[in-house]
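First to last, the sequence lines map onto chains A and B.
Residue numbers for the first sequence follow this note's numbering, beginning at 145 and rising by one.
Residue numbers for the second sequence follow this note's numbering, beginning at 355 and rising by one.
The structure appears below as structure tokens.
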Amino acid sequence: MEIHSQVHARNLKKFGEYRPEVVVLTADLSESCETGYFRDTYRDRFITCGVSEQNMMSIAGGLAREGFIPFVHTFGVFIYRRALDQIAMSIAYPNLPVKMFGFLPGIMTPGGATHQAIEDVAVMRALPNMTVLDVGDVTEVESVLDLAVSIDGPVYVRMLRGEIPRLFPATEPMRLDTPRVLATGTDVVVLSSSICTEEALRATAALRAKGVSVGHVHVSTLKPFTLAKVADVVGAAKHGIITMENHTVIGGLGTIVAEQLVELGLRQRLVKLGLQDTFAHGASRRYLAREYRIDAIALVEEVETLLGTRFGITEADLAEVRIEAIHSSAKAEAL
Amino acid sequence: MPSAALLERNRIVARGIRVRVLEHTLKNSGGYLSQACSSAEILATLYGGVMNLAPVPKPLTPRPFAGVPSAGNTNYRLGNEFNGPHQRVSDRFILSPTHYSLILYAALIETGRMDPDGLAEFNRDGSSVEMIGAEHSPGMEVMTGSLGQGLSQGIGMAFGRRLKQEPGKTWLLMSDGEFQIGMVWEAFQFMSHYGMDGIGVYVDVNRQQCDGAMSSVMGLAPLADKLASFGAEVVSVDGHDLAALHDAALTPHAGKPLVVLCETDPCREVPELRNLGGKLHYVRIKNEVERGRYEAILATLGQAVG
Chain A
145 MEIHSQVHAR
155 NLKKFGEYRP
165 EVVVLTADLS
175 ESCETGYFRD
185 TYRDRFITCG
195 VSEQNMMSIA
205 GGLAREGFIP
215 FVHTFGVFIY
225 RRALDQIAMS
235 IAYPNLPVKM
245 FGFLPGIMTP
255 GGATHQAIED
265 VAVMRALPNM
275 TVLDVGDVTE
285 VESVLDLAVS
295 IDGPVYVRML
305 RGEIPRLFPA
315 TEPMRLDTPR
325 VLATGTDVVV
335 LSSSICTEEA
345 LRATAALRAK
355 GVSVGHVHVS
365 TLKPFTLAKV
375 ADVVGAAKHG
385 IITMENHTVI
395 GGLGTIVAEQ
405 LVELGLRQRL
415 VKLGLQDTFA
425 HGASRRYLAR
435 EYRIDAIALV
445 EEVETLLGTR
455 FGITEADLAE
465 VRIEAIHSSA
475 KAEAL
Chain B
355 MPSAALLERN
365 RIVARGIRVR
375 VLEHTLKNSG
385 GYLSQACSSA
395 EILATLYGGV
405 MNLAPVPKPL
415 TPRPFAGVPS
425 AGNTNYRLGN
435 EFNGPHQRVS
445 DRFILSPTHY
455 SLILYAALIE
465 TGRMDPDGLA
475 EFNRDGSSVE
485 MIGAEHSPGM
495 EVMTGSLGQG
505 LSQGIGMAFG
515 RRLKQEPGKT
525 WLLMSDGEFQ
535 IGMVWEAFQF
545 MSHYGMDGIG
555 VYVDVNRQQC
565 DGAMSSVMGL
575 APLADKLASF
585 GAEVVSVDGH
595 DLAALHDAAL
605 TPHAGKPLVV
615 LCETDPCREV
625 PELRNLGGKL
635 HYVRIKNEVE
645 RGRYEAILAT
655 LGQAVG
């Protein structure tokens with residue numbers, strides 16, 4: 145598995161070269177949100193706002209009204225928690241093309257509850273006109289800018305920074321409301337998003353080695369999301385469906401899937417892995433993933449419970465799983 | 355000094371604003387009357403020579419509400435057509451406290467931008483002439499009314515126009531109560547940092563807010579000093595003195611935003627309002643005795659022109 149770093153930093157600079165209408169706004173987290181290369185290259189299109197997110201959001205709305213495409217960068221919490229009214233009225237209501245890049249989704253920071261965006265999907269997807277994207281690997285970080293600007297309206301992106309794995313081929317960019325079918329299976333189907341997809345890949349590989357038929361779908365568009373596009377994949381699961389998200393289980397991927405299962409009339413058991421209606425605290429990603437059960441071993445345990453079996457898979461087994469970039473199934477691409 | 359003819363025209367507009375809002379308040383047994391009393395001269399001045407707005411070919415009729423904005427709503431229109439088409443040199447206007455919408459509509463009528471019949475659509479179901487207007491309401495082009503957001507949106511527009519090297523300015527009408535809001539000071543901090551002089555703000559300093567007198571709710575003094583310390587060019591004027599209101603816009607403010615603090619009387623020319631014990635945000639006419647008094651005042655103000 146390839147690991148890349150400064151992916152957004154390099155991509156944003158490249159993007160700025162051929163999109164002169166893109167302006168970048170930051171709130172005292174320029175380097176933390178990988179905007180340094182853009183800043184150093186396009187000084188006049190880089191707007192530092194200081195620690196004043198409410199002002200920044202409404203300014204972004206004003207810039208969009210004059211034909212610019214503002215790329216707002218800060219930690220996710222300071223977008224949707226600090227400035228929700230400004231997002232709702234200055235950006236979302238008028239359906240303006242403001243693209244918000246919320247860093248540190250879920251447990252991605254040891255900064256604790258103040259810095260961890262754990263209910264951002266729930267909040268942002270409730271806003272009319274808002275699109276919500278949740279990237280899971282290098283390929284998606286590289287392609288999310290093109291996708292975001294292609295959308296007629298505001299977009300909230302749960303962004304990854306630092307060292308990121310490439311799970312999907314660079315030739316298969318992220319597409320709107322196009323879940324990636326990574327595997328089909330008849331026992332259990334897993335729907336995962338964000339960093340949970342890498343964890344789920346380890347777990348599903350180990351389970352498959354034990355003879356379990358596991359389907360796996362990666363979801364990077366949380367709104368709009370059309371479960372019907374993968375209804376045949378999901379519907380094949382005899383024992384149940386497991387959602388796995390770097391977010392609270394209220395209002396995120398698990399909720400979205402639950403809503404649409406009912407709407408589609410599918411009567412399958414659903415298990416939601418994620419923060420179980422709790423805040424988290426400051427600790428390492430690995431530690432928090434274990435504590436809050438959004439890691440590979442937690443997924444193995446849930447599959448074992450659904451199947452009523454124990455496979456004896458250890459954390460050491462999971463760590464040894466080799467992950468290569470996975471092509472989505474052709475069938476899903478055609479959908 | 356503005357010409358005598360301009361001042362006379364603006365005086366007639368201001369009088370017309372008060373008359374139309376008072377007539378409306380009588381007809382509906384309630385309305386945002388005190389805001390008209392305090393801001394009539396400010397709006398008359400902004401529309402009467404301060405703002406460089408393209409003309410409209412004839413007084414426009416408000417459109418029916420065409421749905422909220424969305425990617426699929428191609429019928430959606432902003433209300434800024436009443437301020438003339440956007441041009442590189444033309445100014446923008448933002449009414450920040452849209453509780454003043456009725457007063458803006460009256461000003462649009464008095465300045466020949468809206469058909470007088472448009473006011474009959476006020477607060478009528480399915481109309482764009484909303485009570486607390488939105489960006490599709492006559493004379494508006496951004497979502498304001500959630501107080502404090504108008505200024506920052508205006509800054510974004512002004513910043514964008516500066517990047518595009520457009521000379522037009524952005525003018526706002528704000529209320530003094532909005533200066534209790536944290537983000538307003540974030541906005542001034544920003545304008546100071548970026549040396550933004552493409553913005554002018556007229557503030558209706560009527561010292562009133564929804565709960566009553568600001569001094570009893572949350573005092574602001576010394577507002578002028580605070581604004582100056584945040585890097586604004588601040589001018590204080592009598593908010594009913596048309597010549598002073600006009601000249602304030604000419605104050606040099608290179609590298610700084612201009613703020614005109616307009617000291618106003620929320621009972622101006624409608625003394626009956628002084629009997630309300632300071633509760634002026636929304637005036638209700640509760641009985642025939644009160645109605646008679648307001649009707650008598652209307653008779654003294656005379657009929658609106660146009």
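All C-beta atoms, glycine included, are put in the ideal place defined by N, C-alpha and C.
Review point. Going by DSSP, what residues sit across from B:P480 in a beta bridge?
Key: Going by the sequence as given, residue 480 of chain B is Gly instead of Pro. None, per the DSSP bridge assignment.
Check your understanding: Nearest CA to the CA of A:D232: which residue from A:Y431, A:S336, A:G205 and A:L248?
Key -> Here residue 232 of chain A turns out to be Ala, not Asp, going by the sequence shown. Of the candidates A:Y431, A:S336, A:G205 and A:L248, the one whose C-alpha sits nearest the C-alpha of A:A232 is A:G205.
Check your understanding: DSSP on B:C616, reduced to helix/strand/coil?
Key -> Three-state DSSP puts B:C616 in a strand.
Practice item. Find the nearest neighbour of A:A460 within the set A:D439, A:L156, A:S472 and A:Q404, judged by alpha-carbon distance. Key: Looking from the CA of A:A460, the closest CA among A:D439, A:L156, A:S472 and A:Q404 belongs to A:D439.
Review point. Interface residues of chain A around B:I486 at Cβ under 7 angstroms?
Key: Within 7 angstroms Cβ-Cβ: nothing; B:I486 doesn't reach chain A, min ~12 angstroms.
Review point. Whose Cβ in chain B lies nearer than 7 angstroms to the Cβ of A:S202?
Key: For A:S202, the chain B residues whose Cβ falls inside 7 angstroms of its Cβ are Q503, S506, Q507 and G510, in order along the chain.
**Study point:** C-alpha gap between B:F419 and B:V613, whole angstroms
**Key:** Each residue's alpha carbon lies about 34 angstroms from the other.
Check your understanding: Which bits of chain B does A:F247 rub up against, with CB to CB less than 9 angstroms?
Key -> Result: empty, since nearest Cβ-Cβ is about 21 angstroms, beyond 9 angstroms.
Review point. For A:S149 versus A:A171, is the C-beta spacing smaller than 9 angstroms?
Key: Using a Cβ distance threshold of 9 angstroms, A:S149 and A:A171 do not count as a contacting pair.
Review point. Using a Cβ-Cβ distance under 9 angstroms, would B:Q543 count as near chain A?
Key: Look at B:Q543: its C-beta is under 9 angstroms from a C-beta on chain A.
**Study point:** Cutoff 8 angstroms; reference A:E446; Cβ partners in own chain excluding five residues on either side
**Key:** Correct list, in chain order: I386, V415 and L417.
Exercise for review: Determine the burial state of B:R645: buried for a count of at least 16 other Cβ atoms within 10 Å of its Cβ, exposed for fewer.
Suggested key: Around the beta carbon of B:R645, a 10 Å sphere encloses fewer than 16 other beta carbons of the protein chains shown; the residue is thus reported as exposed.
Practice item. Compile a chain-ordered list of the residues in the region 196 to 222 of chain A whose CB is closer than 9 angstroms to at least one CB of chain B. Key: The region 196 to 222 of chain A vs chain B, Cβ under 9 angstroms: S196, E197, Q198, N199, M200, M201, S202, I203, A204, G205, G206, L207, A208, R209, E210, G211, F212 and P214.
Review point. Between the C-alpha atoms of A:G395 and B:R467, what's the straight-line distance to the nearest angstrom?
Key: Cα to Cα, A:G395 sits roughly 47 angstroms from B:R467.
Practice item. Put B:F544 into one of helix, strand or coil per three-state DSSP. Key: Note: B:F544 maps to helix in three-state DSSP.
Check your understanding: With which residues is A:K515 paired in a DSSP beta bridge?
Key -> Because chain A in this structure spans residues 145 to 479, residue 515 of chain A falls outside the shown range and cannot be described.
Exercise for review: Answer with buried or exposed for B:N434, where buried requires no fewer than 16 other C-beta atoms within 10 angstroms of its C-beta.
Suggested key: B:N434 is buried by the Cβ-count criterion.
Practice item. Look at the alpha carbon of A:T275 and the alpha carbon of A:P249, and state the distance between them as a whole number of angstroms. Key: Linking A:T275 to A:P249 through their CA atoms gives a straight-line distance of about 16 angstroms.
Check your understanding: Going by DSSP, what residues sit across from B:H607 in a beta bridge?
Key -> Beta-bridge pairing links B:H607 to no other residue.
Exercise for review: Say whether the region 504 to 518 of chain B touches the region 199 to 213 of chain A, bearing in mind that this needs 3 or more beta-carbon pairs closer than 8 angstroms, one atom from each stretch.
Suggested key: Because the criterion of three Cβ pairs below 8 angstroms is met, the region 504 to 518 of chain B and the region 199 to 213 of chain A touch.
Review point. Under a Cβ-count criterion, where at least 16 other Cβ atoms within 10 Å of its own Cβ denotes burial, should A:C193 be classed as buried or exposed?
Key: Its Cβ being crowded by 16 or more others within 10 Å, A:C193 is buried.
Point to revise | B:S481 versus B:S393: straight-line alpha-carbon distance, rounded | key: Distance from the CA of B:S481 to the CA of B:S393, rounded to the nearest whole angstrom, comes to 25 angstroms.
Point to revise | chain B within 9 angstroms of A:Q230, Cβ atoms only | key: Yes, A:Q230 counts as interfacial toward chain B.
Point to revise | Extent of the continuous beta strand (DSSP E) run through A:F190 | key: Looking at the DSSP string, the run of the beta strand (DSSP E) that includes A:F190 is F190 to T192.
Point to revise | Environment of A:T218 [buried if 16+ CB atoms lie within 10 Å] | key: Its Cβ being crowded by 16 or more others within 10 Å, A:T218 is buried.
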